[in-house]
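In our numbering, the protein residues as written are 139 to 258.
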């Protein structure tokens, strides 16, 4: 939204508020002709406000497109970084064997690679 659009929206918004407020005052005074004119000006300013806001909204909606964008093949450096990150996550993760989780970390299954480290 540009500064000009923001300024137009603010001006039209304030004009709508003022004209509707004055229309209510005119109704309270019983001056029906001025009340109709104030509400008509408020309606026109509301149309201008909605037009200013509608310019900012994107015109093409892509919610109904089912195609995924093509993903380029990662390069060698991307694969190396992904492998390094996977190793770091695996090192930080506690053991996944059943006995480790059922014994609250006290023991490991015989097939678990961490069983050899803890048994020594």
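Each residue gets a CB set at the ideal place from its N, CA and C atoms; glycine is no exception.
Query                                                                                                                : Result
Beta carbon of residue 154, beta carbon of residue 180: below 8 Å?                                                   : yes
By the DSSP assignment, the alpha helix (DSSP H) with residue 157 in it spans what residues?                         : 141-167
Given a cut-off of 8 Å, decide if residue 142 and residue 193 are closer than it, judged by their beta-carbon atoms. : no
What residue range does the alpha helix (DSSP H) around residue 213 cover?                                           : First-last for residue 213: undefined, no H or E at that position.
CA-CA distance, residue 186 and residue 166?                                                                         : 27 Å
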